[in-house]
Amino acid sequence: MSVHQARELAQTLCDTTELVLLPIIPAWTQRYSRKRAAKYPRPAIRVGGGRATHHRFDLHSGEHSITFGAKMVADKLDPRACASWLSTREILARGYFDGRVSAANLLAHTGCHEFAHLVQTVSGGRTRGSVHNSAFYRILDDLHRDGIADGFRQSLLELARNRGQMIPDASVQIADPREALASFKPGDVVCFGRNNELQGKVTRVNRKTCSVQGTGPCEGRRYRVSPQALTPLS
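According to the numbering used here, the stretch in the sequence shown is residues 187 to 420, in order.
Structural data, given as structure tokens:
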């Protein structure tokens with residue numbers, strides 16, 4: 187997937203969030219908050235150039251924003267790269283979308299995940315050092331249980347189709363990360379990146395990732411890479 191295509195698809199994710207989720211902010215905030223808000227936020231929904239995907243609240247301006255990274259979108263359409271994302275682990279561990287991982291399910295869940303952070307923050311369920319807590323997962327579970335996530339997914343696919351964009355819905359088999367980690371050791375030469383354009387040498391195998399020291403055109407750079415995204419070079 188090209189950078190341009192990833193950005194266009196990220197914009198479709200933004201537009202679906204505007205269409206499906208922003209209108210229900212008052213009802214969902216009231217559902218989890220003990221007091222009625224004087225007004226409800228209308229966050230800025232934007233496309234980011236990297237992988238960073240997040241909800242953010244600016245204490246100084248009082249404004250909320252949700253960013254969907256274009257590289258995040260590209261990762262979630264890549265069966266090798268998607269395994270390292272929290273959204274994949276949530277779908278598998280919590281049974282969202284019947285526990286089925288696909289690009290369509292990952293992107294739809296990402297929209298719901300960031301919306302849950304918005305509701306969590308506005309309703310007072312987010313505190314310093316406590317982000318993915320029980321208050322957050324109560325909201326996220328309810329979004330799936332009440333059919334909001336399914337509706338978001340359907341709207342996302344329809345809007346993408348109308349724009350001539352393809353979001354694969356074939357199930358992706360996620361390898362056991364422990365098995366993937368076991369296949370690498372310090373000193374292994376690897377490549378990675380969207381088109382395997384990055385290369386380096388494994389310096390350490392961590393609990394969930396491999397530390398990689400860049401070589402060749404990547405010399406001087408250090409990376410932490412999911413083992414599923416690494417390709418050994420002989």
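No residue lacks a Cβ here, since even glycine has one placed at the ideal position from N, Cα and C.
Asked	Found
Those runs of the beta strand (DSSP E) which lie wholly inside the stretch 210 to 293 and span at least 3 residues	230 to 234, 240 to 243, 250 to 255
Secondary structure, alpha helix (DSSP H): runs of 4+ residues fully inside the stretch 330 to 364	334 to 348
Where residue 384 sits in the DSSP three-state scheme	strand
Length of the line joining the Cα atoms of residue 212 and residue 334	15 angstroms
For residue 202, the three-state DSSP class (helix, strand or coil)	helix
Alpha-carbon spacing of residue 221 relative to residue 343, whole angstroms	36 angstroms
Beta-carbon proximity of residue 195 to residue 252, cut-off 8 angstroms	no
The stretch 255 to 271 in contact with the stretch 285 to 305 per 3-pair CB rule at 8 angstroms	yes
8 angstroms CB neighbourhood of residue 351 in its chain, flanking five on each side removed	191, 194, 195, 198
Own chain partners of residue 231 with C-beta closer than 6 angstroms, once the 5 adjacent residues on each side are dropped	200, 203, 204, 252
Per-residue burial, residue 261 [other beta carbons within 10 Å of its own, 16 or more giving buried]	buried
C-alpha distance - residue 405 paired with residue 378, whole-angstrom precision	14 angstroms
Inter-stretch contact at 8 angstroms, needing at least 3 Cβ pairs: the stretch 271 to 280 / the stretch 394 to 411	no
Among 259, 215, 393, nearest to residue 312 - alpha-carbon criterion	215
Span of the beta strand (DSSP E), counted from its first residue to its last, around residue 436	Outside the shown range of the chain, which is 187 to 420, sits residue 436, and nothing can be said about it.
Which listed residue (310, 300, 323) has its alpha carbon closest to that of residue 280	323
Alpha carbon of residue 218 to alpha carbon of residue 225, nearest angstrom	15 angstroms
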